[in-house]
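2 protein chains.
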Amino acid sequence: MSNGLRERKKRQTRAALIRAALELCETKGVEAVTVADIADAADVSRRTFFNYFATREEAILGSGADRSERLVACLNERPAGEPAWEALRAAFATFLSETDEPQREWMARARLVRANPSLLDQQRADFAEMEQRLVAGIVGRTGEDLGALEPRLLVGAAVTTVRVAVNHWIDTPSDIALADAIDHALARMAAGCGALATPIRNP
Amino acid sequence: MSNGLRERKKRQTRAALIRAALELCETKGVEAVTVADIADAADVSRRTFFNYFATREEAILGSGADRSERLVACLNERPAGEPAWEALRAAFATFLSETDEPQREWMARARLVRANPSLLDQQRADFAEMEQRLVAGIVGRTGEDLGALEPRLLVGAAVTTVRVAVNHWIDTPSDIALADAIDHALARMAAGCGALATPIRNP
């Protein structure tokens, strides 16, 4: 099998496992769904499941250590000399182009997360981990100190923008692709977020 | 008792409960500390404890619903016509001027949070709640739609900045007051975070 074909098959299996996890959770309830259920529904072995996800929760959230590693790899693929924010923006764009989940799956996930505190905790932990890894990736490229304030602010702003954009996109169904919604939000944030200057009124 | 005196006494009791909670957790371990232990150590009744905090975790984290309400009140006290970001910055400054925790308590809390996943989950939930309340506060003042992207980005950036600034301040002990560190970080973020333009290098 060629490398490209192997990668495509892996993405398909991963997407099938996520789809199965979301569908089972929506019909049976999160607590009742087991790894075996998900593997069966996606027509793979349990062992194959664990090649993709360490836990049931990771399959539901579509997260996992290899995902944040891949995101950092997307950052490392950016050319030297590119401004850090642009590099982050491009890394997210490449990363998202490799997953192509329909909006209905994102919305199903959002419903599950909002109704299950343990999933919400896990999702917040995933974002925090993504942020830590990107800070390490950025300081590795900009030569700043790992403890410095600015790369932490920069990456914090980027990850927050992605989180806000995903939630906004879920809350306001439209024909816009998620990748475009995220890219738009990152551009707005970089432009200083016009709202910075929006005057407040009397309470 | 005058209003000012009453407020001052309340702040002192609250600070004493937080100090007692942190000290007990550091000596006995988080799981072993009860609300009764904290109330006893602060020399108040259990009933008084619950006037300040709903749970043991809130006392350890110094959080609670009244704190995020107070932060939103600080925002509402800002004059009409002020740019939203400046209003948020001033609201955080006023809010922080009313709590005066020494850095050693923040560091003790950070140690506890990093070692106890349930405290970390709770702290993340607190930041998320603060963010939601501030979004509602900002859209109430700017007249934007509650579902709009920009106020969510604006507040997301502000809360992220505060979170990053607190962690950075804990990680790099100095003579700088926390309120000043947060104000500096908010100013850096508003200035576009110089790092936006920092070029990355070869990986």
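Residue numbers (our numbering), protein chains in the order written: chain A, 260 to 462; chain B, 260 to 462.
C-beta atoms are modelled at their ideal positions from N, C-alpha and C, and glycine is treated no differently.
- The alpha carbon of B:Q362 has as its nearest neighbour, out of B:C284, B:L437, B:R270 and B:A280, the alpha carbon of B:L437.
- In chain order, L408, R411, L412 and G415 make up the part of chain B whose C-beta sits under 8 angstroms from the C-beta of A:V423.
- The criterion of a C-beta distance shorter than 8 angstroms is satisfied by A:I429 and A:M366.
- Put simply, the backbone Cα of B:A275 is about 21 angstroms away from that of B:V425.
- Boundaries of the alpha helix (DSSP H) harbouring A:S356: A343 to S356, taken from the DSSP string.
- No Cβ-Cβ contact shorter than 8 angstroms links B:L264 with B:A343.
- Residue environment: A:Q382 is assigned as buried (16 or more neighbouring CB atoms within 10 Å of its CB, all protein chains considered).
- Chain-ordered listing is empty here: chain A has no CB closer than 7 angstroms to the CB of B:R348, the nearest sitting near 10 angstroms.
- At a cut-off of 8 angstroms, the C-beta of A:A438 has no neighbouring C-beta in chain B.
- The C-beta separation of B:V331 from B:R392 comes to about 5 angstroms, placing the pair in contact by the 8 angstroms criterion.
- With 16 or more other Cβ atoms inside 10 Å of its own Cβ, A:T420 counts as buried.
- A:G399 and A:F312 have their alpha carbons spaced roughly 28 angstroms apart.
- The stretch 276 to 288 of chain B and the stretch 442 to 449 of chain A do not touch, with fewer than three beta-carbon pairs separated by less than 8 angstroms.
- With three or more CB-CB distances shorter than 8 angstroms, the stretch 277 to 284 of chain B counts as touching the stretch 299 to 313 of chain B.
- Between A:R411 and B:V372, the CB-CB gap reaches or exceeds 8 angstroms.
- In this structure A:I319 does not touch A:R370 by the C-beta definition: roughly 11 angstroms separates them, more than the 8 angstroms allowed.
- For chain A, the residues of the stretch 380 to 405 of chain B that bring a beta carbon within less than 8 angstroms of one of its beta carbons are D380, R383, A384, A387, I397, G399, R400, T401, G402 and E403, in chain order.
- Beta-carbon to beta-carbon, B:E316 and B:L408 are separated by about 32 angstroms, too far to satisfy the 8 angstroms threshold.
- For A:F312, no alpha helix (DSSP H) encloses it, and the DSSP letter there is neither H nor E.
- Counting along the chain, the unbroken alpha helix (DSSP H) around A:L276 starts and ends at N262 to K287.
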